[in-house]
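Visitor: Before anything else, here's the structure in question.
Residue numbers (our numbering), protein chains in the order written: chain A, 8 to 334; chain B, 8 to 365.
The following block contains the structure:
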C-alpha cells in the first residue's frame with residue numbers, strides 16, 4: 008500500500024506543492040526534447056528520401072561540432088586574429104565539409120548499395136560511424152573540447168523569473184536553442200513545400216520508381232538530403248556542445264534519439280518534433296519524481312519504455328504512415 | 008577435381024538428409040575439428056588461445072544465436088549484449104546456489120534464464136516490425152544493462168560490482184577461475200560450441216527452422232499457410248536468447264574470469280550484429296567467418312605497421328584501425344551483401360566444376 012502510494016500519489020503531491028520546481032523540470036525536459044527532436048529530424052529526413060535508417064546521424068553531430076571547433080583552432084593558429092571572424096569562417100568551412108561528406112557518402116556508399124535490403128544499408132551506416140569516429144579522432148584528436156560559444160556570439164547566462172512562489176531559471180542558450188530549432192523546422196517546411204527541389208524530395212519520399220520515371224535524379228536528391236541532415240547535425244552539435252562540451256561521448260545522444268524516432272514515426276517530421284518533446288519531458292519528469300523510488304539513472308531506459316508503450320497501441324508511431332501489408 | 012560428388016550414390020533417405028552429404032565435406036569437417044581439438048592446443052601459445060581462439064568461439068556462438076533470430080526469422084534485434092549478460096549473471100547465480108553441481112550445468116542452464124527474458128522482450132514482436140522492433144529490443148538492452156549495474160544481488164553483493172568466477176573442476180582439473188589454464192578453458196569452450204552448433208544446424212533444417220524461414224520471407228503468407236506466427240516468433244526469441252545466454256555465461260566463466268556490467272553494453276550488441284551481417288545472414292558457417300573476421304581484422308591491422316618497420320604512435324594506429332574497419336565493413340557490404348558465407352559457397356561451386364567455368 009505504501010509502495011502504491013509512493014508510486015501513484017506522492018509524485019503528484021510533490022508537483023502540486025512545489026509548482027516552481029515542476030516548471031523548472033518541465034522546461035529542462037522541453038529543452039532536451041528539442042535537441043532530441045533535432046537529431047530525430049536528421050534521421051527522418053534521410054529515412055524519408057532514401058529509406059536508409061541512418062545510424063551515423065549521431066556521429067555526424069559530433070563530427071560536425073568537432074570540425075567546427077577544430078577548424079576554428081586551426082584558423083586561429085594560422086593568424087586569423089579576430090575570434091569572431093575565425094568562428095564564422097570555420098562555420099562556413101564546416102558547412103562545406105558537410106557537403107563534401109554528403110557527396111562522398113552518396114558516391115561511395117549509397118550508389119553502389121542501391122536496391123539492397125534495409126539491414127544492409129543500416130549496417131553500412133554503422134561502417135560510416137566507425138569511419139567517422141576514426142577520422143574525427145585522427146584529425147582533431149580525441150580529447151573533449153569546448154564549443155566556441157562566445158566567438159559565435161551565442162548568449163550565455165540565465166534569466167531567473169519569479170513565479171509560482173519560487174524562482175525558475177532559464178538558461179539563455181536553451182532559449183536560443185529552442186528558437187533556432189523552431190526557425191530551422193520552419194525553414195525546412197518551407198523548403199519542402201515551396202521549392203522545386205523540395206517538391207522533388209517529396210516525390211522521392213513517396214516512391215523512388217515513380218520519381219525516377221518523371222525524370223528526378225535520385226543521386227542529386229540524396230546528396231541534397233544528406234547535406235540537409237548534415238546541416239541539422241551541425242546545428243545540433245553547436246547547441247549540444249555549448250551545453251556540455253564536444254567529445255565522442257556525445258555519440259550516445261544518437262541512441263537517445265531512437266525512441267523519439269519510433270514514437271513519432273520514422274517518416275514524419277512533425278512526429279520527430281512531438282516525439283522529441285514527449286520523450287524529453289517524460290524523461291525529466293520520470294527521473295525527477297519517480298527516479299528516487301527505483302534508483303537513479305532510469306533516464307537511460309525510460310525513453311525506450313515510453314516509446315514501447317506508445318508503439319503497442321500504434322505500431323507505426325504517432326504520426327507514421329499506416330503500414331499496409333499485402334500478400 | 009578433388010571436390011566432386013560424382014560416384015557418391017545415396018541409397019537411403021538418411022544418407023540424403025545427412026548434415027554433410029558429400030564425402031569431401033565430411034573429410035573437411037573432420038580435419039577442421041581435428042585441428043581445433045588437437046592442433047590449436049598443441050601449436051598455439053597460451054596467449055593466442057586466450058586472446059583469440061576463445062573469443063572467436065564465444066562470439067561465434069553468440070552470432071549463431073543472433074543469426075537464428077535475425078537471419079532465419081527476420082527479426083532484427085539490438086539486444087544481444089543484454090541477453091548475453093542475462094546468461095552470464097544467471098549462470099553466476101546458479102553456480103552460487105548449487106556449488107556442488109558440475110559447472111557445465113549452470114553454464115548450459117543459464118541459457119534458460121536468458122531464454123525466459125528473451126521471450127518477455129519478444130512479446131511486442133507480433134505487433135511491431137522492422138526497425139521499430141529493433142528499437143524496441145534496444146529497450147531490453149538499456150533496461151537490462153541498468154539492472155546489471157543497479158541490482159547488487161546479481162553479483163552477490165560484491166563490493167567491486169563485478170562477477171568473480173569461483174574455481175570449479177571437471178574430472179579433477181580446474182576449468183574455471185584463476186587456476187584454469189587457457190588450454191583447458193579452450194577445450195571446454197570448443198566442446199560446448201561444437202555441440203550447440205550441431206544442435207542449431209539440426210534445428211534450422213528441421214520443421215522449426217522451416218517455419219522460421221517462412222516467417223522471415225513473408226510473415227503474412229506464413230500465417231496463411233497455417234504457421235502460428237506468435238508461437239514461431241517467440242520460439243525464435245527463446246532459442247536465440249538461449250544461445251546468446253550460454254555464450255554470455257561462457258564469456259564470463261571460461262574467458263574473462265570476471266566481468267563488469269559494461270561488458271554487456273550496447274556496443275557488444277552492435278559488434279555481434281556486424282559479425283552476423285558480414286558473415287552472412289541465415290548461415291551458420293557465416294557466423295564463424297564473421298567472428299573470425301571482426302576479431303581478426305583489428306589484430307592484423309595493429310600488427311601491420313610493425314611488419315613494414317613503420318613506427319606510428321599507438322593512438323594513431325587505434326584511430327586508423329577504426330577507419331579501416333569501418334571502410335572494410337562498407338566495402339564488404341558493397342562487394343558481397345550476402346556475406347562471407349556466400350563467397351564460401353561461390354568458391355565451393357567453382358571448385359566443383361573446375362576446370363570449366365560452369
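Note that beta-carbon positions come from the ideal geometry of N, C-alpha and C, so glycine has one too.
Near residue 133(A), which residues of its chain fall below 7 Å by C-beta distance, leaving aside the five closest residues on each side in sequence?
Guide: Counting only Cβ-Cβ distances below 7 Å, and skipping sequence neighbours, we find 62.
Visitor: State the beta-bridge partners of residue 183(B) as determined by DSSP.
Guide: BP columns for residue 183(B) point to 175(B).
Visitor: Is it the case that the Cβ atoms of residue 261(A) and residue 64(A) are separated by a distance below 9 Å?
Guide: A contact, by the Cβ cut-off of 9 Å.
Visitor: Which residue marks the beginning of the alpha helix (DSSP H) containing residue 373(B), and which one marks its end?
Guide: In the structure displayed, chain B extends from 8 to 365; residue 373(B) sits before or after that span and is not available.
Visitor: Mapping the DSSP letters down to three states, classify residue 169(A) as helix, strand or coil.
Guide: In this structure, residue 169(A) counts as strand in the three-state DSSP scheme.
Visitor: List, from N- to C-terminal side, the alpha helix (DSSP H) runs of 4 residues or more that fit wholly inside the segment 39-91 of chain B.
Guide: Whole alpha helix (DSSP H) segments, 4+ residues: 47-50 and 61-73.
Visitor: Against residue 307(A), what residues of chain B qualify as contacts under a CB-to-CB distance less than 7 Å, listed in chain order?
Guide: Those are 149 and 153, listed as they occur along chain B.
Visitor: Does residue 70(A) have its Cβ less than 9 Å from a Cβ in chain C?
Guide: Of the protein chains in the structure, A and B, none is chain C.
Visitor: Residue 278(A) lies in the alpha helix (DSSP H); which residues open and close that run?
Guide: Counting along the chain, the alpha helix (DSSP H) containing residue 278(A) begins and ends at 276-292.
Visitor: Thinking C-beta only, is residue 188(A) closer than 9 Å to residue 246(A)?
Guide: Contact: yes.
Visitor: Sort 54(A), 153(A), 136(A) and 33(A) by Cα distance to residue 78(A) and report the nearest one.
Guide: For the residues 54(A), 153(A), 136(A) and 33(A), the minimum Cα distance to residue 78(A) belongs to 153(A).
Visitor: With C-beta atoms as the reference, is residue 143(A) less than 9 Å away from residue 73(A)?
Guide: Yes, they are a contact pair.
Visitor: Below 7 Å on C-beta distance, what does residue 323(B) contact in chain A?
Guide: 145, listed in chain order.
Visitor: Expressed to the nearest angstrom, what Euclidean distance is found between the alpha-carbon atoms of residue 152(B) and residue 274(B)?
Guide: Cα-Cα distance, rounded: 12 Å.
Visitor: Whole angstroms are fine: how far does the CA of residue 34(B) sit from the CA of residue 355(B)?
Guide: Roughly 15 Å between the two C-alpha positions.
Visitor: Do you know how far the Cα of residue 67(A) is from the Cα of residue 82(A)?
Guide: C-alpha separation (whole angstroms): 22 Å.
Visitor: What are the boundary residues of the alpha helix (DSSP H) that residue 117(B) is part of?
Guide: It spans 111-129 - the alpha helix (DSSP H) in which residue 117(B) sits, taken as one unbroken run.
Visitor: Is the beta carbon of residue 220(B) less than 9 Å from the beta carbon of residue 80(B)?
Guide: Cβ distance < 9 Å, so residue 220(B) and residue 80(B) count as in contact.
Visitor: Quick check: the segment 83-98 of chain B against the segment 253-271 of chain B, are at least 3 beta-carbon pairs closer than 8 Å?
Guide: Judged by Cβ distances under 8 Å, the segment 253-271 of chain B makes contact with the segment 83-98 of chain B, as three or more pairs qualify.
Visitor: Give the straight-line distance between the Cα atoms of residue 222(B) and residue 319(A), rounded to the nearest whole angstrom.
Guide: Taking the straight line from one Cα to the other gives about 21 Å.
Visitor: Do we get a CB-CB distance below 9 Å when we pair residue 29(B) with the residues of chain A?
Guide: For residue 29(B), the answer is no, since every Cβ of chain A falls outside 9 Å of its Cβ.
Visitor: Identify each residue in the segment 333-349 of chain B for which the Cβ-Cβ distance to at least one residue of chain A is less than 7 Å, and report them in chain order.
Guide: Residues passing the 7 Å Cβ filter: 333, 334, 336, 337, 340, 341 and 344.
Visitor: Hey, how far is the Cα of residue 331(B) from the Cα of residue 308(B)?
Guide: Between residue 331(B) and residue 308(B), the C-alpha separation is close to 8 Å.
Visitor: Whose CA, out of 254(A), 243(A) and 293(A), lies closest to the CA of residue 19(A)?
Guide: Nearest of 254(A), 243(A) and 293(A) to residue 19(A), Cα basis: 293(A).
Visitor: To the nearest angstrom, how far is it from the Cα of residue 350(B) to the Cα of residue 243(A)?
Guide: Each residue's alpha carbon lies about 42 Å from the other.
Visitor: Decide if residue 214(A) is buried, meaning its Cβ has at least 16 other Cβ atoms within 10 Å, or exposed.
Guide: With fewer than 16 other Cβ atoms within 10 Å, it is exposed.
Visitor: Helix, strand or coil for residue 133(A)? Go by DSSP, reduced to three states.
Guide: Of the three classes helix, strand and coil, the one that applies to residue 133(A) here is helix, per DSSP.
Visitor: Does the beta carbon of residue 332(A) sit closer than 9 Å to a beta carbon anywhere in chain B?
Guide: Chain B contact via Cβ: present.
Visitor: I'd like to know whether the C-beta atoms of residue 113(B) and residue 101(B) end up nearer to each other than 9 Å.
Guide: Contact: yes.
Visitor: Looking at chain A, which residues of the segment 266-287 of chain B have a Cβ within less than 9 Å of any of its Cβ atoms?
Guide: So the close ones are 273, 277, 280, 281, 284 and 285.
Visitor: Just checking: is the beta-carbon of residue 134(A) within a distance shorter than 9 Å of some beta-carbon in chain B?
Guide: Output row for residue 134(A): interface = yes.
Visitor: Give me the Cβ distance between residue 302(B) and residue 62(B), rounded to the nearest whole Å; I'm assuming they're in contact under 8 Å.
Guide: Yes, they are in contact, since the Cβ atoms of residue 302(B) and residue 62(B) sit about 6 Å apart, within 8 Å.
Visitor: To the nearest angstrom, report how far apart residue 223(A) and residue 231(A) are at their CA atoms.
Guide: In a straight line, the C-alpha of residue 223(A) is about 13 Å away from that of residue 231(A).
Visitor: Pop quiz: residue 44(A) and residue 239(A) are said to be a contact at Cβ under 8 Å. What is the actual Cβ separation, rounded to whole angstroms?
Guide: About 10 Å; that fails the 8 Å criterion.
Visitor: Below 7 Å on C-beta distance, what does residue 273(A) contact in chain B?
Guide: Here the neighbours are 138.
Visitor: Would you mind reading off the limits of the alpha helix (DSSP H) that contains residue 262(B)?
Guide: Element bounds for residue 262(B): n/a, residue is neither H nor E.
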